[in-house]
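Under the working numbering, think of the first position of the sequence shown as 211, with each following residue one higher.
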Amino acid sequence: MGESLVPFEDILKPQARRWLSFGGILVAVIFIVWTSWAWWQRGEGELAPAAVPAGDQEIAWLMPATALAAWNRFVEAAGRLSRDATSGVDWATEPIRCHGHLDIPEFALRWRGGRQRLWVRWYKLTSDYSADHWLSSLLQRSPPPLVIIGGSTSDRAAELIRSLSQYRQQFADTPALVLTTATADEMELAPGAGLTDLLEGYPGRAFRFCFTNRQMADALVDFLAVRPAWLPERHTWDAITWRDDPYSEDFANRISDALRERGLGWLRKSVVPYSVGGSLLPGVWERQVIEEDLIATWAQERGAAHVLILPTVERVARRVLVALHQAAPWASERLTVVIGDSVNFNVLCRDRRLLWPTELLPMRILVFAHEDPVRWPAESSRQLAEIALSVLEGLAMLHGQLPHGAAHIALPVGRQTATDDLVLWEQILRAVIHAAWMIVQAEASPTAQTTARPAPLVGDGATFLERLRSYRDESGQAFFDSRGNRRRGSGEYVIALEPWRQPNRLTTWSVLEVWHSHSLDNEPRRWALRGRWLLPSDD
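Right, here's the structure in full:
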């Protein structure tokens with residue numbers, strides 16, 4: 211019986227200490243979470259449009275919060291203009307203020323020798339901050355923005371137009387609206403109202419810097435019309451559209467209209483209910499369209515040329531074409547696929563090994579660009595590439611295949627980034643600068659060159675609108691038509707990628723061509739070769 215009894219309070223003490231420690235930690239965690247939530251709510255509540263200093267003006271850049279890459283390219287375009295002696299403007303703020311991680315990134319431009327600044331601010335669109343929320347705050351502030359830049363898609367453009375048309379009834383002076391890449395000709399601007407011309411929803415105040423679906427379709431059909439070897443012998447073109455993708459349906463309809471106007475044939479459409487699917491394997495409905503509508507029909511015309519209109523994004527287009535080539539490799543040899551502007555130059559060139567491998571996609575591809583995608587500083591490399599390609603093509607005719615490794619001398623473009631978005635942002639900024647500053651040409655003297663001196667920034671939206679409407683491009687031609695759409699013939703680009711498979715080899719080469727058209731409305735369209743390169747698949 212030598213055991214000693216332990217008092218009850220001595221047993222309780224370790225357990226009490228553990229419970230007290232756990233309780234303290236829990237209270238600390240709750241306090242930290244509550245403090246963080248309160249701080250976040252306070253910061254969200256304080257987010258509002260920035261003030262505009264006296265005498266300055268503002269451009270409101272209304273884009274989603276995920277558009278960081280687009281904002282960086284926009285800032286890069288502004289920096290290029292500030293370094294261009296012909297633009298007349300200088301950078302007027304610290305570079306740190308335009309970093310995209312800020313709540314409202316901003317920068318300012320100033321006319322050289324002047325003091326007034328033109329502010330550009332990114333008001334980010336999120337689930338909490340819609341376009342209507344920002345517009346309401348901006349229009350109640352004094353002064354309101356001179357112009358709203360937005361509309362990267364047709365749906366976002368329609369949302370901006372709906373809001374601005376409503377505020378037009380409330381405010382006497384609403385800003386101009388600049389649409390970047392919204393290509394739809396018509397949209398439903400009110401429930402049940404049917405399709406309406408997109409710019410007519412905000413008449414006289416909306417300006418589009420991209421080409422419309424109708425203009426793109428007309429340019430692509432014109433490009434194909436002068437290449438009879440690529441056209442279907444029975445004048446029947448095929449198309450695949452998706453019901454949940456308004457762009458695909460609208461673009462296919464515009465292609466159909468262009469075919470009828472030119473008498474080149476008719477369009478046979480296959481409709482897929484939805485575009486949800488993987489990156490390489492088509493969905494059930496897409497598989498059915500490929501097998502029953504396309505291959506079953508083309509099998510009766512083996513060896514004939516075919517044109518497939520495929521207006522969809524890169525991921526969907528890739529899986530459809532991979533499946534088509536797997537099921538009918540004989541059809542890929544004389545197949546031309548027209549995609550539109552939903553696949554850009556980077557996919558076909560810079561990122562082709564990851565996104566567009568020609569071993570799996572050995573068919574000719576045509577895409578559209580709204581500006582020059584290959585405006586790189588070194589023009590000598592383009593000329594070298596064209597000479598090298600001509601030499602290699604001659605060697606291929608003699609030996610039956612391209613010499614392995616020799617094409618690297620023809621590849622100054624393989625890892626370059628496309629410039630069409632950068633050129634488009636520069637075009638927008640040049641137009642806004644033209645409209646914002648009342649630039650007056652000084653009188654020329656016999657001994658001095660003509661110089662430009664700036665007047666103050668415009669102080670009212672009406673003057674800005676009038677000056678923006680009269681903007682002219684680099685060739686001196688009017689940039690907009692009477693409705694505010696970009697004028698036909700003001701610089702369409704077509705990118706053609708044609709794979710070239712070597713006999714008995716897995717390796718493929720691709721000839722990449724960029725074609726440019728620039729003409730007046732009443733002139734026939736003429737196409738000029740902008741550049742031509744050879745892209746090996748194993749670079």
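Idealized CB from N, CA, C, for every residue including glycine.
Computed from a predicted model, the values in this text were never measured in an experiment.
- Hey, would you say leucine 504 sits closer than 9 Å to alanine 541, going by beta carbons? In contact: leucine 504 and alanine 541 (Cβ atoms closer than 9 Å).
- Alpha-carbon spacing of glutamate 369 relative to alanine 382, whole angstroms: A direct Cα-Cα distance of roughly 20 Å separates glutamate 369 from alanine 382.
- Task: For the beta strand (DSSP E) containing tryptophan 321, list its first residue and its last residue.
- Result: Annotation: the continuous beta strand (DSSP E) that includes tryptophan 321 extends over 316–321.
- Message: Extract the residue ranges of the beta strand (DSSP E) inside the segment 402–488, only unbroken runs of 3 or more that lie entirely within it.
- Response: Qualifying beta strand (DSSP E) stretches, in chain order: 416–418, 446–452 and 476–482.
- Message: Quick check: the Cα distance between leucine 399 and arginine 372, rounded to an integer number of angstroms?
- Response: Roughly 6 Å between the two C-alpha positions.
- Pull up the CB-CB distance for arginine 424 and arginine 464, whole angstroms please, since I reckon it's below 8 Å. That pair is a contact at about 5 Å.
- Could you tell me which residues DSSP puts in a beta bridge with histidine 516? The partner list for histidine 516 (beta bridge, DSSP) reads Leu545.
- For alanine 427, which residues of its own chain have a beta-carbon under 6 Å away from its beta-carbon, when the five flanking residues on both sides are left out? Here the set comprises Arg464, Ile465 and Ala468.
- Message: Assuming contact is defined by CB atoms lying nearer than 9 Å, are serine 364 and alanine 403 in contact in what I supplied?
- Response: The criterion of a C-beta distance shorter than 9 Å is not satisfied by serine 364 and alanine 403.
- Query: How far does the beta strand (DSSP E) with glutamate 708 in it reach, from first residue to last?
  - Reply: Residues 702–711.
- Query: Helix, strand or coil for threonine 718 per DSSP?
  - Reply: Correct three-state label for threonine 718: strand.
- Which partner residues does glutamine 771 have in the DSSP bridge list? No information on residue 771 is available, as it lies outside the stretch 211 to 749 that the chain covers here.
- Sequence-distant residues of its chain with Cβ nearer than 8 Å to serine 347 (five each side left out): Answer for serine 347: Ala258 and Pro259, listed in chain order.
- Who are the Cβ neighbours of alanine 514 in its own chain at under 8 Å, not counting the five residues just before and after it? Shown here for alanine 514: same chain residues with a beta carbon closer than 8 Å to its own, the five before and five after excluded, namely Pro442, Glu443, Arg444, Trp508 and Arg544 in chain order.
- Burial state of valine 517 (16 or more Cβ within 10 Å): By the neighbour-count criterion, in which a residue is buried when 16 or more other Cβ atoms sit within 10 angstroms of its Cβ, valine 517 is buried.
- Task: Spatial neighbours of alanine 672 within its chain, please: CB distance less than 8 Å, with the 5 preceding and 5 following residues excluded, ordered by chain position.
- Result: The answer, listed in chain order, is Asp383.
- Query: In three-state terms, what does DSSP make of arginine 740?
  - Reply: In this structure, DSSP gives arginine 740 an extended state, which the three-state scheme calls strand.
- Would you report the Cα separation of tryptophan 719 and glutamate 569, rounded to the nearest angstrom? Straight-line spacing of the CA atoms in tryptophan 719 and glutamate 569 works out to 9 Å.
- Task: Give every residue of the same chain whose Cβ lies closer than 6 Å to the Cβ of lysine 334, excluding the five residues on either side of it in the sequence, and list them in chain order.
- Result: Counting only residues of its own chain and dropping the five nearest sequence neighbours on each side, lysine 334 has a CB closer than 6 Å to the CB of Ala275.
- Message: I need the DSSP call for arginine 351, collapsed to helix, strand or coil.
- Response: Coil.
- Item | Integer-rounded CB distance, given that glutamate 636 should sit under 8 Å from alanine 287 | Rounded to whole angstroms, the Cβ separation of alanine 287 and glutamate 636 is 5 Å, and the two are in contact under 8 Å.
- Among the residues of its own chain, which have a CB less than 6 Å from the CB of tryptophan 332, if the five just before and after it don't count? Taken in chain order, the residues that qualify are Trp271, Trp281 and Pro315.
- Message: When you compare the CB positions of serine 707 and isoleucine 519, do they come within less than 9 Å of one another, or not?
- Response: The displayed chain sequence assigns leucine, not serine, to residue 707. Taking 9 Å as the cut-off, the beta carbon of leucine 707 is found no closer than this to the beta carbon of isoleucine 519.
- Task: Below 8 Å on the Cβ atoms is my guess for glutamate 511 versus leucine 565; work out the distance and round it to an integer in Å.
- Result: Wrong, their Cβ atoms sit about 31 Å apart, outside the cutoff.
- Item | Unbroken beta strand (DSSP E) run spanning arginine 574, endpoints | According to the DSSP assignment, arginine 574 belongs to the beta strand (DSSP E) that extends over 574–579.
- Roughly how many angstroms lie between the CA atoms of alanine 264 and glutamine 379, to the nearest whole one? Near 27 Å, if we compare the C-alpha coordinates of glutamine 379 and alanine 264.
- May I ask which residues mark the beginning and end of the beta strand (DSSP E) holding tryptophan 301? Start and end: 299–301.
- Residue from Glu304, Leu356, Phe461 and Gln498 whose Cα sits closest to the Cα of aspartate 266: Distances from the alpha-carbon of aspartate 266 to those of Glu304, Leu356, Phe461 and Gln498 put Leu356 closest.
- Item | Buried or exposed (CB count within 10 angstroms, at least 16 for buried), threonine 336 | Threonine 336 comes out exposed.
- Query: Where does arginine 693 sit, in a helix, a strand or coil, going by DSSP?
  - Reply: The answer is coil: DSSP assigns arginine 693 none of H, G, I, E or B.
- Task: Determine the direct distance from the alpha carbon of leucine 722 to that of tryptophan 743, and round the result to whole angstroms.
- Result: Tryptophan 743 and leucine 722 have their alpha carbons spaced roughly 5 Å apart.
- Short CB-CB distance (under 9 Å) between glutamate 396 and chain B: Looking at the structure shown, chain B is missing, and only one protein chain is on hand.
- Item | Alpha-carbon spacing of lysine 479 relative to arginine 418, whole angstroms | Using only the alpha carbons, I get a separation of about 29 Å.
- Message: Can you tell me whether asparagine 205 is buried or exposed? The criterion is at least 16 other CB atoms within 10 Å of its CB, across all chains shown.
- Response: The chain is shown only over 211 to 749; residue 205 falls outside these bounds and no answer can be derived.
- Message: the ligand FMN and arginine 444: does any heavy atom of the ligand fall closer than 8 Å to the residue's C-beta?
- Response: Of the ligands one can find in the structure shown there are none, so the ligand FMN has no counterpart to examine.
- Query: If we count the other Cβ atoms within 10 Å of its Cβ and call it buried at 16 or more, is histidine 311 buried or exposed?
  - Reply: Counting every other CB atom within 10 Å of its CB across the protein chains shown gives histidine 311 a total below 16, marking it as exposed.
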